[in-house]
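Below is one structure; the comments refer to it alone.
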Ligand SMILES: NC(=O)C1=CN([C@@H]2O[C@H](COP(=O)(O)OP(=O)(O)OC[C@H]3O[C@@H](n4cnc5c(N)ncnc54)[C@H](OP(=O)(O)O)[C@@H]3O)[C@@H](O)[C@H]2O)C=CC1
Ligand SMILES: O=C([O-])CC(=O)C(=O)O
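In the UniProt record's numbering, the protein residues as written are 1 to 265.
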C-alpha cells in the first residue's frame with residue numbers, strides 16, 4: 001500500500017520510524033509546507049528513502065493518506081484527497097470543531113466513495129463510548145491535565161507565567177467545541193471524546209496545567225443506559241513535542257496496519 005504522510009513533526013517522524021520495516025506499508029510521499037521541505041528531506045533520507053517530499057498529495061500512485069500535521073491540513077489536504085477517492089486517516093480531530101467541516105468531510109468521502117477515519121489518538125475507551133451512545137448517553141465529561149510547559153503557545157499563557165506555576169491551575173472550562181478551537185494542539189482528544197459520545201456542544205471539558213505531573217493525563221467520565229465508566233490515561237509525552245502523547249503515534253500506526261492486516265482488532 002502506497003501512503004502519503006501529511007506532516008513530518010513529532011508524530012510524523014516517530015510514525016516513519018515505526019513503519020519503516022512494515023512490508024505492506026510503503027511511505028511514497030511526505031507532505032509538508034515549503035519551509036519544512038529540507039527538514040523533512042533529512043528525516044526521509046534516514047527513515048523513508050523511497051518517499052518524495054512534496055507540498056501536496058501527489059496526483060497518482062497513492063492508496064492511503066495519513067494526516068499528522070494540524071487543523072489546517074484537513075481543509076488543505078484531506079478534503080481534496082477524499083474527493084479523489086483516497087481513504088484518509090486523521091489525527092487532527094479537533095479540526096472538526098469548525099462548523100460545517102464534519103459535513104464537508106462526509107460529503108467529500110461520499111463523492112470519492114471512500115472513508116475518513118478519525119483515530120482515537122491519545123485517548124482510550126472510544127470504542128466503549130461510541131457503543132454506549134447507541135443505547136443513549138446521559139453525561140460525558142473530559143479532563144485534560146498536562147505539565148505547564150505543554151501549554152506554552154496557547155491561551156493558557158494569557159495572564160499567567162506558566163514557568164512559575166506552583167499549583168494546578170484550571171485554564172479552560174467549557175464545551176468540547178470551544179476547547180478544540182482554542183487549543184488546536186492540545187484538545188484534539190476533547191473533540192474525539194465528544195464526536196464518539198454526546199457531541200461537540202454537550203461534552204463538558206476541563207483543561208488543567210499541573211506542575212505536579214510529568215505525563216499527559218486524560219480522564220473521561222461517562223454515564224448512560226449502558227452503565228458508567230471512568231477512564232484515566234497517563235500518557236508519556238513525546239520528547240520532540242511535550243504537547244503530544246506517544247500513544248497518538250501508536251494509534252496512527254495501528255490505523256495504518258489495520259488497512260493491510262488480514263485480522264484486525
Ligand atoms: N488525536 C490526538 O490524540 C492528537 C492529535 N494531534 C494532532 O496532530 C498534529 C501534529 O502533532 P505533532 O506531530 O506533535 O506536531 P508538530 O508540530 O511536531 O508537527 C507538525 C508537522 O506538520 C507540518 N504541518 C503543519 N501544517 C501543515 C499543513 N497545512 N500541511 C502539511 N504539513 C503541515 C509541520 O510543518 P511546519 O513545522 O512547517 O509547520 C510539521 O512538520 C497536532 O497539531 C494535532 O492537531 C496531536 C496530539 C494528539
Ligand atoms: O497528545 C495528547 O496527549 C493530547 C493532545 O495533544 C490533544 O488532544 O491534542
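Ideal placement from N, C-alpha and C gives every residue a C-beta, glycine not left out.
When the distance is taken between beta carbons, is residue 92 closer than 7 Å to residue 119? no
Alpha helix (DSSP H) segment containing residue 19, residue limits: 10–19
Would you mind listing the beta strand (DSSP E) stretches within the UniProt domain "Aspartate dehydrogenase" (168–253) that are 3+ residues and don't spill past its ends, in chain order? 169–175, 204–209, 216–224, 227–235 and 241–245
Output yes if chain D places a C-beta closer than 7 Å to the C-beta of residue 13; else output no. Checking the listed chains, one finds no chain D in this structure; it contains a single protein chain.
Out of 101, 117, 112 and 12, which one is the CA nearest neighbour of residue 39? 12
If we call anything under 7 Å between Cβ atoms a contact, is residue 124 one with residue 233? yes
Should residue 187 be listed as close to ligand 2, given that the test is whether its C-beta is under 6 Å from any heavy atom? yes
Residue 137 in three-state terms, based on DSSP: strand
Specify, as a first and last residue, the run of the beta strand (DSSP E) that residue 118 falls within. 116–118
Assigned secondary structure, residue 145 (DSSP; H/G/I helix, E/B strand, else coil): strand
Closest by C-alpha distance to residue 193, when choosing among 150, 225 and 230: 230
If you pair each beta-carbon of the segment 99–108 with each one of the segment 201–221, do three or more pairs fall below 8 Å? no
Over what stretch of residues does the alpha helix (DSSP H) that includes residue 106 continue unbroken? 101–111
Residues bridged to residue 67 (per DSSP): 6 and 90
So, at 6 Å on beta carbons, what are the nonlocal neighbours of residue 16 in its own chain, with the 5 sequence-adjacent residues on each side left out? 47 and 48
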